[in-house]
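Here is the structure we will look at, set down as structure tokens.
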Amino acid sequence: MFAGLPELFLILVVVFAAWHVVKLFNRANSPPPRAPRPQAPRQAQRVIEAEDLVACKVCGAYIASSARHCGRADCPQPR
10 MFAGLPELFL ILVVVFAAWH VVKLFNRANS PPPRAPRPQA PRQAQRVIEA EDLVACKVCG
70 AYIASSARHC GRADCPQPR
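Sequential numbering of the sequence shown, starting at 10, is according to the working numbering.
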């Protein structure tokens, strides 16, 4: 039932050789690798922070919600 050691070794050699033949066949039929594109150096990306704008109740000008006032003397925003 069990094969002898020489027969088992021969089976392993045949499987190993067949595996390498398949690898070589697949490598020969595959397209050649493309050369990598030269990449431009990456520039530091700036983070742009956005802020909500609110309309001034006196003049209607839009100002940042964190701004103290719109610049007018009668602006209701706290200074």
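C-beta atoms are modelled at their ideal positions from N, C-alpha and C, and glycine is treated no differently. Since this is a predicted model, take the numbers as computed values, not measurements.
Residue pairing of Ile-72 in beta bridges, as defined by DSSP: Val-63.
Straight-line measurement puts the Cα of Cys-68 at about 11 Å from the Cα of Ala-82. The beta carbons of Ala-64 and Ala-73 sit no closer together than 9 Å. Straight through space, the alpha carbons of Gln-52 and Gly-80 are spaced by roughly 37 Å.
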